[in-house]
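*Asks:* Handing you this structure, nothing more for now.
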Amino acid sequence: MEFLRPATWDEALAAKAEHPTALPISGGTDVMVEMNFDVHRPSAILDLNRITELAEWSGDGETVRLGAAVPYARIIEELSGPLPGLALAAHTVGSPQIRNRGSVGGNLGAASPAGDSHPALLAAGRDVFVEAESVRGSRLIPIDEFYLGVKRNGLEPDELIRAVRIPVADGPQQFSKIGTRNAMVIAVCAFGFALHPKDGTVGTGIGSAAPTPRRAVEAEEYLRGVLAERGLWESGELLGPEVVRRFGELVKAAASPIDDVRGTAAYRRHALAVMARRTLTWCWNDYRKQIRSAA
Amino acid sequence: MTSRTIQGQKNLQKINQASKDGIGGSPLRPDGALKVRGEFAYSSDMWHEDMLWGTALRSPHPRANILGVDVSEALKVPGVYAVLTHEDIPGEKYYGLEIADQPALAIDKVRYHGEAIALVAADHPETARRAVKKIKVEYEVLTPITTEEQCLDPETHGYVHEPHEYKSHAYGNVCHEQKLVSGLGVTDEVRALADVIVSGEYEVGMQDQAFLGPESGLAVPAEDGGVDLYIATQWLHVDRQQMAPVLDLPLEKVRLTLAGVGGAFGGREDLSMQIHACLLALHTGKPVKIVYARDESFFGHVHRHPARMRYEHGATRDGKLVFADCRIVLDGGAYASASPAVVGNAASLGHGPYVIPNVRMHAIALYSNNPSCGAMRGFGAVQAAFGYESQMDRLAEALGMDPVELRQLNAVTQGDFMPTGQEIDAPAPVAELLQRVKDMPLPPPLDLEHPDVRTLPGALSNTSHGEGIVRGVGYSVGIKNVGFSEGFDDYSTARVRLEVIGGEPVAMVHTAMAEVGQGGVTVHAQIARTELGVEQVTIHPANTEVGSAGSTSASRQTYMTGGAVKLAAEAVRHELLERGRHRYGWTQTDLSLVGGKVVSASAGVLISMVDLLGDDAVEQTREHHHRPTVPFDKETGQGFGHVQYTFCANRAVVDVDVELGLVKVVELTAVQDVGKALNPLSVVGQIQGGCTQALGLAVMEEIVVKDGKVRNASFTDYLIPTILDTPPIPVQILELPDPNAPYGLRGVGEAPTVSATPSIVAAIRQATGKALTRIPVRPEHLTDTL
Amino acid sequence: MRVTFSANGKPVEADDVWEGESLLYVLRERVGLPGSKNACEQGECGSCTVYLDGVPVCSCLVAAGQVQGREVRTVEGLGGEDGELGLVQQAFVDAGAVQCGFCTPGLLVQTDALLASDPQPSDTDIREALSGNLCRCTGYEKIMDAVRLASARTCSAEVRK
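What follows is the structure, encoded as structure tokens:
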């Protein structure tokens, strides 16, 4: 096994081109578990810690460009304004020590269906892009095309994740996650939700309840329709229990979970419906407050 | 009375002030400073120049015949020094805590997932891991015998051990059995005496000790052909007793020294890597260190027996218990371990701390192809308590009675008889414990207007902002035996030496007691201070150079080894005073050692201990035996089987998100009679820790085994409570002395683990209205999504 | 490979490090700092917590090669001058927060970091900050006491200044 320590991003890309089977490591919170438990023996480990720009983020008011290695702790501290859903998701990751090292880039690289970032990224909208780069050039992979299967993503073997581009929230966002303990737990299932009043859409993301993170498309469409048809964006009226219930049912229907050691498929479906109802209610209540105080 | 004598008495009072760091005080741990500096040497910290790393190849199958093992490729890996199989074992191939039914390395067949088959020693852990992967094992995979029904039908499903190989009273995949009948037993006539009958079936999942310090140690081959092992264990001498025949060495050539122990809770009562490290060290002639990773730890030690229990209780209309009919089936897994003792506890304590005139009990432990189960904190009693306390709540509901009052109405007290026929001849304040726990103030209600999400079920996972949350309160009480029972003489040995060092009298206490975190070393020093009137006490490292201290289990060490230290210290005191009497002709009979001086109650200070001792140390070794017990009659369960009983009562307050099935324990109160708190700080710490392990069993902890395979051998999926899962645990201690015990003390460690689980489940039942007959309670149970 | 870094203010180096080794292994087995503990090696217990460039992390999840040239501070570096116990260390001993002690080194580092950023945390803040550090012996109550004690002593020490 080799240990590669590029000092710059260009060196990293060159190293990845030369060693396409090299396993990138940043926070190490996934990679090192596999090393310690003899799950994986890559040909090389590609350390990205020296590339400081990966741990930086920038924003233009419209979009946040989040460096792949910005640790969750800093997302919570610095980005809960522009990226509230992701910040809430980051807060549920592992432990404080894990949040000091783990990053969205790592979550995307591992592409586990249980990764906590994914539902929040999906809910943030369709204009979330993974910035993938190789010596061949750079490309933006839409988040909806990124997750290909259990622990499989849309990266080419010579590509590295440089950053994620996430639209700044224009409405309330929420994230809920089920664990069988009150801290430090891998998601039994998780749900991200966002209201996007600017374009009249809503975003959803389901975690740990399908081979990949996925959005509840029908639920999004249903709610978008209801909000538009009833003029609710403008009126800020209550949604009513039937809309909330229906939304929950559609989220539940969008999942295709399995029974495993962490929970049953039936529970996952049930819990997703509950989380969908609750996060929708919280977001809508916040939205109503916002438009009322704006009025 | 002259003024002079009054003055003398006042002086004496000053002198007579026993050390505040004697018994009843809470001096700081002698190992505390080392532990917070990171300098305390745990077994996994052992290091030796040129040491090798050992590791094991383990079976991926729960049941298979081994057709062949080829180690040749593994031996070719550079850096590998040895690859061993059972053929390389010089002595006996089998060992065991109570029954020698477990091969040190698998022979021809494997009986559980994770059974060790071969060993590798190499220059680096990674080299050893790579070599293990190159060992080729040819298996004939067999269908595992895993359920109660399969085990009890060996004609159809086969035997875990061939019956002709049974080394005990086992039969037909039943490793051990205990029946009990008291009063009239349970007959139709007895049933007819009851106005109300409630029955239930209950299930307990497989809990793990989950001590944080993984199994580990260092074996160093010695010039005399023997071996020195630095090891984390609960009982040095019984380890040695099992190891020596396998290593084909006389006992004295197998020398064990206790290394730092990172928790135990029963999980270190059986051997893990002891024999393996020694085999590799003796084979290679080099020191060998073995450290289990967390996944291997789950395969490397026994767990708490899962249980299936059927209970039927009958009572009169006014709540008096008439009968109890109980059947407890414990899954012992592949090897016997402590199964016989677990069965004995379940059978003799399985009806709870209640007066029940007619009892019928049948407890068995099975052999299966599931992981081996054995000792874990409160064994036998923990499983049963979930059954009988669930029944008490059911009965209270059926009678329309308050559940605490029902328990109090039937509670045992001193002078009552257990269904074994044993009289409870020490205080048994069960009703009072319940009253006290009930009288403690309740925590404030949940602030649903402005809740801190971190304090709600789900906490940081942000699942509720107050929605769906219902509070529940539950009560329970439990009974546990202290010490080894059923005729076992689990004596302890202590050597105490008193001498002048640096101008001060200093006591040295030497025992083989395994300090696993419980604070025995603190208590030993306190006893020496109290008995010898000194301040300075040193604790000698625990090893096999002194006699056995028995096991650090069964809540017995303060009672047993503490008792031995007391006896040895008293003998030292006696010898010292005799020396003084001989030398100075003292005639007083009221002498004691206080504040470094020999003091007469009537004549005041006679001499300083420094002067009396001079250059001559005084040393005594004593064994402490508890009062004898007898085995239970196999059919009737009758017999004076237990040394001492101990009781704890709990109240749990929980918040349940009834929609999501998530639980947050808000408060867990405990009241326990400890006889005498030798160290109140440690006693409270034991009770709080014991309650927390009970909390884990109630709501999250289970080794999930499917078709004999362990599915969650990691801390990612075997969850133990974090600090956010654990509530405030207010503790009250009662001190009603047991006349049969040293200082009147009562074993502390296990009772709260026995009693607390049912209170939490009762509280969840109250919040949700669900029957909850299985622990751990999962979200699926609360949301009907199993 | 060779790895050199600073441990508790002193330069250390380790040779023949296997590329898959963790910082925890290097500390414990190669540079004589076994105080950080190996309880789970998957970031689920916190007993290996150390400061890496001032940030508390699980050293089991840091690859050895990643610490090249960086600063590590372990439980062995929390003591006061002249070998005295540090404030947090003393509070854990005084409060009875140490039983088996295997979780203690990680808890000490994490508590040290908590009090550095918030000298007077609420109980819920303490629980959140320590939620990545498992303890199997104490039921956490004495650990809560220890952190409260350390907090009180930190504040009174600051008042004295």
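Protein chains in written order, with our numbering: chain A, 1 to 295; chain B, 1 to 786; chain C, 1 to 161.
For every residue, glycine included, the Cβ atom is placed at its ideal position computed from N, Cα and C.
What separation, rounded to the nearest whole angstrom, lies between the Cα atoms of Ala265/A and Leu272/A?
*Replies:* Taking the straight line joining both Cα atoms gives about 11 Å.
*Asks:* With a threshold of 8 Å, are at least 3 pairs of Cβ atoms found where one atom belongs to the region 308–325 of chain B and the other to the region 346–358 of chain B?
*Replies:* They touch, by the three-pair rule.
*Asks:* Beta-carbon within less than 6 Å of Gly43/C's beta-carbon, same chain only, minus the 5 sequence neighbours each way: which residues are those?
*Replies:* So the qualifying residues of the chain are Cys58, Leu61.
*Asks:* Does the beta-carbon of Pro65/B have 16 or more other beta-carbons within 10 angstroms, so that it is buried, or is it exposed?
*Replies:* According to the sequence displayed, residue 65/B carries Asn and not Pro. It is exposed - the Cβ of Asn65/B has fewer than 16 other Cβ atoms within 10 Å.
*Asks:* Identify every run of the alpha helix (DSSP H) within the region 223–270 of chain A, keeping only runs that are complete inside it and at least 4 residues long; order them along the chain.
*Replies:* Here the runs fully enclosed are 232–235, 241–254.
*Asks:* Taking 8 Å as the threshold, find out whether the region 105–120 of chain C comes into contact with the region 51–67 of chain B through three or more Cβ pairs.
*Replies:* Judged by Cβ distances under 8 Å, the region 105–120 of chain C makes no contact with the region 51–67 of chain B, as fewer than three pairs qualify.
*Asks:* Based on DSSP bridge pairs, tell me the residues matched to Cys648/B.
*Replies:* Looking at the DSSP assignment, Cys648/B forms a beta bridge with Gly478/B, Gln672/B.
*Asks:* Cβ closer than 8 Å: which chain B residues qualify as neighbours of Asn38/C?
*Replies:* Within 8 Å Cβ-Cβ: Ser44, Pro214, Val291.
*Asks:* Got a sec? Which residues, its chain only, sit under 7 Å from Tyr94/B by beta carbon, not counting five neighbours each side?
*Replies:* Hits under 7 Å: Ala100, Asp101, Gln102, Pro103.
*Asks:* Going by the beta-carbon positions, is the gap between Gly96/B and Ala428/B smaller than 8 Å?
*Replies:* No, Cβ-Cβ distance for Gly96/B and Ala428/B is not below 8 Å.
*Asks:* Do Lys16/A and Ser138/A have their C-beta atoms within less than 8 Å of each other?
*Replies:* Result no, Cβ atoms of Lys16/A and Ser138/A do not sit closer than 8 Å.
*Asks:* Kindly list the residues whose CB is nearer than 7 Å to the CB of Pro34/C, restricted to its own chain and excluding five residues on each side of it in sequence; keep chain order.
*Replies:* Arg28.
*Asks:* Starting from the beta carbon of Val150/A, find every residue of chain B whose beta carbon is closer than 8 Å, and list them in chain order.
*Replies:* The contacting residues do not exist; Val150/A stays about 17 Å from chain B at best.
*Asks:* Under DSSP, the beta strand (DSSP E) around Pro11/C begins and ends at which residues?
*Replies:* Per DSSP, Pro11/C belongs to the beta strand (DSSP E) from 10–14.
*Asks:* In the region 17–38 of chain A, which residues sit with their C-beta less than 9 Å from some C-beta in chain B, listed in chain order?
*Replies:* Here the close residues are Val33, Asn36, Phe37, Asp38.
*Asks:* Quick one: grab the DSSP three-state call for Cys40/C.
*Replies:* In the structure shown, Cys40/C sits in coil (DSSP, three-state: anything other than H, G, I, E or B).
*Asks:* From what residue to what residue does the beta strand (DSSP E) around Thr692/B run?
*Replies:* Careful: Thr692/B lies outside any beta strand (DSSP E), inside the alpha helix (DSSP H) at 680–699.
*Asks:* Given a threshold of 16 other Cβ atoms within 10 Å of its Cβ, counted over all protein chains shown, does Lys566/B qualify as buried or as exposed?
*Replies:* It counts as buried.
*Asks:* Chain C partners of Ala33/B, CB-CB under 7 Å?
*Replies:* The answer, in chain order, is Leu85, Val93.
*Asks:* If you count every other CB in all the chains shown that lies within 10 Å of the CB of Arg278/A, and 16 or more means buried, which is it?
*Replies:* Burial call: buried.
*Asks:* Here's a check: name, in chain order, each residue in its chain whose Cβ is nearer than 7 Å to the Cβ of Gly519/B, leaving out the five neighbours to either side.
*Replies:* Correct list, in chain order: Arg29, Asn679, Ser682.
*Asks:* Could you run through the region 47–67 of chain C and flag, in chain order, every residue whose CB is less than 7 Å away from some CB of chain A?
*Replies:* Listed by position, the residues of the region 47–67 of chain C near chain A (Cβ gap below 7 Å) are Thr49, Val55, Pro56, Val57, Cys58, Cys60, Leu61, Val62, Ala63, Gly65, Gln66.
*Asks:* Verify whether the separation of the beta carbon atoms of Ile703/B and Asp208/B is less than 8 Å.
*Replies:* It is a contact, given that the beta carbons lie within the stated cut-off.
*Asks:* Hey, could you find the ends of the beta strand (DSSP E) Arg627/B is sitting in?
*Replies:* It is not in any beta strand (DSSP E) - Arg627/B carries neither H nor E in the DSSP assignment.
*Asks:* Quick check: the region 397–405 of chain B against the region 363–383 of chain B, are there 3 or more CB pairs under 8 Å?
*Replies:* No contact exists between the region 397–405 of chain B and the region 363–383 of chain B.
*Asks:* Closer than 6 Å by C-beta to Val181/B: which residues in its own chain qualify, once you throw out the five before and the five after it? Chain order, please.
*Replies:* If we look at Val181/B and ignore the five residues flanking it on each side, its Cβ neighbours are Arg360, Thr636.
*Asks:* Establish whether the CB of Val653/B and some CB of chain C are separated by less than 8 Å.
*Replies:* No, Val653/B does not count as interfacial toward chain C.
*Asks:* Any chance the region 80–90 of chain C sits against the region 17–27 of chain A, with 3 or more Cβ pairs inside 8 Å?
*Replies:* Output reads no: the region 17–27 of chain A does not touch the region 80–90 of chain C.
*Asks:* Throw me the rounded Cβ distance for the Thr284/B and Ala121/B pair, which I believe falls under 8 Å.
*Replies:* With 8 Å as the limit, Thr284/B and Ala121/B qualify as a contact, their Cβ atoms being about 5 Å apart.
*Asks:* Report all residues from its chain with a CB closer than 6 Å to the CB of Val12/C; omit the five preceding and five following residues, and keep chain order.
*Replies:* So the list reads Val31, once near-sequence residues are dropped.
*Asks:* Between Gly487/B and the rest of its own chain, which residues show a CB-CB distance below 7 Å, the 5 nearest in sequence each way excluded?
*Replies:* Correct list, in chain order: Thr629, Val630, Pro631.
*Asks:* Mind pulling the beta strand (DSSP E) runs of 3 or more residues that sit fully within the region 709–786 of chain B?
*Replies:* Counting whole runs of 3 or more residues, the region 709–786 of chain B contains the beta strand (DSSP E) stretches 731–734.
*Asks:* Pick out whichever of Cys278/B, Gln588/B, Ala396/B, Gly474/B has its Cα sitting closest to the Cα of Asp195/B.
*Replies:* When only C-alpha atoms are compared, the closest one is Ala396/B.
*Asks:* Interface residues of chain C around Cys691/B at Cβ under 8 Å?
*Replies:* Going along chain C in sequence order, the residues near Cys691/B (Cβ under 8 Å) are Gly139.
*Asks:* In the DSSP output, what is Met508/B paired with across the bridge?
*Replies:* Bridge partners of Met508/B: Arg497/B, Thr538/B.
*Asks:* Quick check: what's the CA-CA separation for Pro419/B versus His176/B?
*Replies:* Each residue's Cα considered, the two are about 20 Å apart.
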